[in-house]
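Trainee: Have a look at the structure that comes next, please.
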């Protein structure tokens, strides 16, 4: 139950998750070097790995990684000590800036799917109860089950729309 309350803590939970991802990616890329900093080439490889994980584990549309020009632009902002390379702390801030738009899109889709769809389902259930033949069946279905079915249908339609647009 504590995990549920932990996830409701929004920004802090998101930062902890991003910290886990950035630490894993930083270690993976940094293990190939003897330095504890990432050059531009290493940084771009790390960004590709992070976006690969985002596309693998986070529901929603496919997110293309940023261009090298965008990576260079954000790298210059995050290189606090101006040594030309990115250390672990700078990498965390760098990834936060690079993925800010991505998490906004994912959050909006989750809100629509998990809040709006069940609300619309309950509202439409009341409307369909007056329809001959269908209304009798709909009245027998509990609100929670009906809302779940409509939410599952909404997710299914979203996935179908995504797969057909690819």
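Residue numbers (this note's numbering): 2 to 167.
We put the beta carbon where it would ideally sit given N, CA and C, even for glycine.
Please read all numbers here as calculations on a predicted model, not as lab measurements.
On the criterion of 16 or more Cβ atoms from any shown chain inside 10 Å, does residue 168 qualify as buried, or is it exposed?
Mentor: Examination of residue 168 is not possible in this model, given that the chain is present from 2 through 167 alone.
Trainee: What does the Cβ neighbour count give for residue 158, buried or exposed, with the cut at 16 atoms within 10 Å?
Mentor: Taking the first residue of the chain shown as 1, we reach residue 158 at position 157. Looking at its Cβ environment, which holds fewer than 16 other Cβ atoms inside 10 Å, residue 158 is exposed.
Trainee: Short check: CB of residue 27 to CB of residue 95, under 8 Å?
Mentor: As a working mapping, residue 27 is identified with position 26 in the chain shown. As a working mapping, residue 95 is identified with position 94 in the chain shown. No, they are not a contact pair.
Trainee: Three-state secondary structure (DSSP) at residue 153?
Mentor: Translated into the one-based positions of the chain shown, residue 153 becomes position 152. It is helical.
Trainee: Exposed or buried, what is residue 125 when buried is set at 16 or more other beta-carbons lying within 10 Å of its beta-carbon?
Mentor: In the chain shown, residue 125 corresponds to position 124, counting from 1. Flag for residue 125 reads exposed.
Trainee: For residue 143, count the other beta carbons within 10 Å of its own beta carbon; 16 or more makes it buried, fewer makes it exposed. Which is it?
Mentor: As a first step, residue 143 must be located in the chain shown, where it is residue number 142. It is exposed - the Cβ of residue 143 has fewer than 16 other Cβ atoms within 10 Å.
Trainee: What residues match up with residue 39 in a beta bridge as DSSP calls it?
Mentor: Working through the chain shown from its first residue, we reach residue 39 at position 38. Paired residue(s): 87.
Trainee: For residue 54, tell me which candidate among 31, 75, 23 and 156 has the shortest Cα-Cα distance.
Mentor: Taking the chain shown and counting its residues from 1, the one referred to as residue 54 is at position 53. For residue 54, the nearest C-alpha among the options comes from 23.
Trainee: By a C-beta neighbour count over all protein chains shown, 10 Å radius and 16 as the cutoff for buried, is residue 122 buried or exposed?
Mentor: Reading the chain shown from its first residue, position 121 is the one you call residue 122. Label assigned to residue 122: buried.
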